[in-house]
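Visitor:
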Amino acid sequence: MDVPSTTASNSGTTAAAAKAATTVASKLNGDTFLKLMLAQLQNQDPTKPMDSQEYLGQLASFSQVEQATKTNQKLDSLLSSSFLDQADAIIGRTLTSEDGTMTGVVQSVRVTSDGAVAKLTDGREMLLASGISIS
1156 MDVPSTTASN SGTTAAAAKA ATTVASKLNG DTFLKLMLAQ LQNQDPTKPM DSQEYLGQLA
1216 SFSQVEQATK TNQKLDSLLS SSFLDQADAI IGRTLTSEDG TMTGVVQSVR VTSDGAVAKL
1276 TDGREMLLAS GISIS
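For the sequence shown, position 75 matches number 1230 in this note's numbering, and the numbering has no gaps at all.
1) By a C-beta neighbour count over all protein chains shown, 10 Å radius and 16 as the cutoff for buried, is Ala1163 buried or exposed?
2) Excluding the 5 residues preceding and the 5 following Gly1167 in the sequence, name in chain order all residues of the same chain whose CB lies nearer than 7 Å to its CB.
3) With respect to the beta strand (DSSP E) encompassing Gln1262, which residues constitute its N-terminal and C-terminal limits?
4) Using the DSSP secondary-structure output, state which residues sit across from Ile1289 in a beta bridge.
5) Distance check for Asn1198 and Glu1209, CA to CA, integer angstroms please.
6) For the alpha helix (DSSP H) containing Ala1223, name the first residue and the last one.
7) Three-state secondary structure (DSSP) at Leu1191?
8) What does a CB cutoff of less than 6 Å around Asp1277 pick up in its chain, not counting 5 residues either side in sequence?
9) Distance, Cα to Cα, Gln1219 vs Ser1268?
10) By alpha-carbon positions, which one of Leu1211, Ala1223, Val1266 and Gln1228 ends up nearest to Phe1238?
11) Assign Leu1282 to one of three DSSP states: helix, strand, or coil.
12) Ignore the nearest five residues each way along the sequence and tell me which others in Phe1188's own chain have a CB closer than 8 Å to its CB.
13) Are three or more beta carbon pairs between the stretch 1247-1261 and the stretch 1280-1290 nearer than 8 Å?
14) Between the C-alpha atoms of Asn1227 and Gln1262, what's the straight-line distance to the nearest angstrom?
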């Protein structure tokens, strides 16, 4: 009797599940994780308590989530600092837009949620984006 292989369908299902788990994990923070774990502990069946290995695994997962959050915060801070250093370095330099329609000397730089905006000596502003020439 021939038995069809299920490896291909299982690997596709596993990949889809892993992607879904990653998406969900990226939306969870440490507080959400603790609330879920507390709810699980409160609602567990007293006749079948949680296995200690499972509990330790969840604690390890929480530790990883917490560490990833701290790492992201430090990276954001480092990127902001680097961005400000780069913005400071262009004060007094000449910017030219990608299409060449706007040119001017940078008087100051302001960082916004959209990126850095250079204020030119003539009062115009230019968003620092790809294609800008600095001389």
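Think of the CB as a built atom: it goes at the ideal place given N, C-alpha and C, for glycine as much as any other residue.
Guide: The answer reads as follows:
1) With a pLDDT of 44 at Ala1163, under the threshold of 50, the modelled position of that residue is not reliable, and no figure is offered here.
2) Below a pLDDT of 50, predicted positions are generally treated as unreliable, and Gly1167, at 44, falls in that range; the measurement from the model is reported next regardless. The beta carbon of Gly1167 is closer than 7 Å to none in its chain, skipping five residues each way along the sequence.
3) For Gln1262, the enclosing beta strand (DSSP E) covers residues Thr1258 to Thr1267.
4) Leu1250
5) 15 Å
6) Ser1207 to Ala1244
7) helix
8) Gly1259
9) 29 Å
10) Val1266
11) strand
12) Excluding five sequence positions before and after Phe1188, the CB atoms of its chain that fall closer than 8 Å to its own CB belong to Ser1216, Phe1217 and Val1220, given in chain order.
13) Touching, yes.
14) 32 Å
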